[in-house]
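Engineer: Just add 533 to wherever you are in the sequence shown, counting from 1, and you've got my numbering.
Note that CB positions come from ideal geometry on N, CA and C, so glycine has one too.
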Amino acid sequence: MTNPKAPMKFAGNFTQQEAIPEEAIESAIAVMRSGRLHRYNVAEPGEPSETARLEVEFANYQDQKYALALASGGYAMQTALRAIDLQPSEPVLTNAFTLSPVPGAITAAGGIPVLIETTSDLTIDIDHLDAVATRTKARVLMLSHMRGHIADMDAIADLIKRHNILMIEDCAHTMGASFNGVKSGNHGQIACFSTQTYKHMNSGEGGFLTTNHDEYMARAIVLSGSYMLFERHVAAPPKEAFDQVRMQTPNCSGRMDNLRAAILRPQLAKLDANCARWNERYNRIMQILKPHNVIAVSNSHAHAHEVFSSFQFSIPTLNDAQNAQFLADCYKRGVELKWFGDRNPVAYTSHYESWQYVESQPLAQTDQVLHRLYDCRIPLTFSVNDCEAIALIIVEEANKVAS
Ligand SMILES: *Cc1c(COP(=O)(O)O)cnc(C)c1O
């Protein structure tokens, strides 16, 4: 089958997300009319706020007992680390290929990020993880499902059991994804999610923490800034779980408010349908990029059901000049790519060596993977045909520069 022809220029806007659904806008207006924006500000005793309702719905969606809505995904990760009582300077194993809020959250919670190598499928390198876990005897793994790529979770489950490691999952890009039919986020002790504009639900800023563990959740709720109003949470452990922690746990305010919860509840109802729309777009792009002889794309584990709201590919053969040419030529034709290998952090991509607050730990394999790795968003305002046009432009420019 030959591909259709690429347009001269793609006119779509890569930062344009879909509008917030009308019912969500109405519900936000109702919250503003009520004046009750703070999550604990309810008219009747016992009445759950928008935020408390969202937590119940999200816990149900995730098949977890408890959910806590927070100010951001990065804040959810900090809270998770504090909830497990991370000690000052305690090592936290994490992916070298991830977004800066991950090492940022570990550092903010007082931990030391210990970076793990990356496979060509853009997941954590399990052999390296095993070796570093043995060497450091670390108690905690912050596993980041970066850009939605899910590692072999059976192998990870085996590893954390052998090393007696506590796992927190960074599910910023796996909301709606699963492995072996188990929702992403349910393979460890705690999961963290983001509802920042470029994730799978959009409240501008926001996040969730989920767990089945009574004590972790009681601490997380107090940490999030519940004052002594924790009984107003519904997707929360029983009152007794707070007896021990309520006065021993610092208040590190980072709550979600009712306005953001109001715009998220209708989005949660549409989440699975939107995940399918993302994958339709991603699959069309991959159909075009995968067969190409100089373009390399990652493979998914057979048991992973992933959701891709962006795509990654690499062209390992390009030299520096060709790399710069390729990026510039795609840009001229309206295709905005980000390059993960750039040592100078740009926009939201950042090479792990640019996190200078983390002790330098050169990782040859990750360097190799990131060297010519490119990133592109797929906002849902793009049609499947738009995605086809983007992929065709990439193929033409790759042919031009690599010939
Ligand atoms: C977006 C993101 C987060 C959290 O982001 P916030 O902006 O703090 O909500 C965490 N990890 C990854 C991999 C992300 O992409």
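Mind pulling the alpha helix (DSSP H) runs of 4 or more residues that sit fully within the stretch 705-743?
Structural biologist: With a minimum length of 4 residues, no continuous alpha helix (DSSP H) run stays inside the stretch 705-743.
Engineer: For the beta strand (DSSP E) containing aspartate 703, list its first residue and its last residue.
Structural biologist: From DSSP, the beta strand (DSSP E) with aspartate 703 extends over 699-703.
Engineer: Could you tell me whether the Cβ atoms of arginine 693 and phenylalanine 712 are closer together than 7 angstroms?
Structural biologist: According to the sequence as given, residue 693 is isoleucine; it is not arginine. No, they are not a contact pair.
Engineer: Any beta carbon of chain D sitting closer than 7 angstroms to that of tyrosine 815?
Structural biologist: Structure shown: chain D not included; a single protein chain is present.
Engineer: For glutamate 507, which residues of its own chain have a beta-carbon under 8 angstroms away from its beta-carbon, when the five flanking residues on both sides are left out?
Structural biologist: The question about residue 507 has no answer here: the residues shown for the chain are numbered 534 through 936.
Engineer: Does asparagine 938 come out as helix, strand or coil in the three-state DSSP assignment?
Structural biologist: Nothing can be reported for residue 938, as the shown portion of the chain is limited to 534 through 936.
Engineer: Are methionine 610 and alanine 638 touching if we call contact CB-CB under 7 angstroms?
Structural biologist: Their beta carbons are under 7 angstroms apart, which means methionine 610 touches alanine 638 by this criterion.
Engineer: Using alpha carbons as the reference points, say which of Asp776, Thr631, Thr914 lies closest to tryptophan 888.
Structural biologist: Ranking Asp776, Thr631, Thr914 by Cα distance to tryptophan 888 puts Thr631 first.
Engineer: Would you check whether ligand 1 has a heavy atom nearer than 6 angstroms to the C-beta of aspartate 703?
Structural biologist: For ligand 1, at least one heavy atom lies less than 6 angstroms from the Cβ of aspartate 703.
Engineer: Between valine 778 and alanine 751, how many whole angstroms is the CB-CB distance? I'm expecting something under 8 angstroms.
Structural biologist: So it is a contact: roughly 5 angstroms between Cβ atoms.
Engineer: Going straight from the alpha carbon of alanine 935 to that of asparagine 812, what length do you get?
Structural biologist: Their Cα atoms are separated by approximately 29 angstroms.
Engineer: Taking the alpha carbon of glutamine 898 as the reference point, which residue from Ala602, Asp658, Ala829 has its own alpha carbon closest?
Structural biologist: It is Asp658 whose Cα lies nearest to the Cα of glutamine 898.
Engineer: When you measure from the CB of threonine 631 to every non-hydrogen atom of ligand 1, does any distance come out below 6 angstroms?
Structural biologist: Checking the Cβ of threonine 631 against ligand 1 gives yes.
Engineer: Where does the unbroken beta strand (DSSP E) through cysteine 909 begin, and where does it stop?
Structural biologist: Note, cysteine 909: beta strand (DSSP E), 906-910.
Engineer: Straight-line CA distance for valine 647 to valine 625?
Structural biologist: In a straight line, the C-alpha of valine 647 is about 6 angstroms away from that of valine 625.
Engineer: Just the C-alpha distance for aspartate 691 and leucine 699, rounded to the nearest angstrom, thanks.
Structural biologist: Whole-angstrom Cα-Cα distance: 12 angstroms.
Engineer: Here's the rule: buried if 16 or more other CB atoms are within 10 angstroms of the residue's CB, otherwise exposed. What is valine 912?
Structural biologist: Checking the sequence, you will find proline at residue 912 rather than valine. Proline 912 should be labelled buried.
Engineer: Any heavy atom of ligand 1 closer than 6 angstroms to the beta-carbon of glutamine 729?
Structural biologist: Yes, the beta carbon of glutamine 729 sits closer than 6 angstroms to at least one heavy atom of ligand 1.
Engineer: Please report the distance separating the alpha-carbon of methionine 565 from that of aspartate 790.
Structural biologist: So the two alpha carbons sit approximately 11 angstroms from each other.
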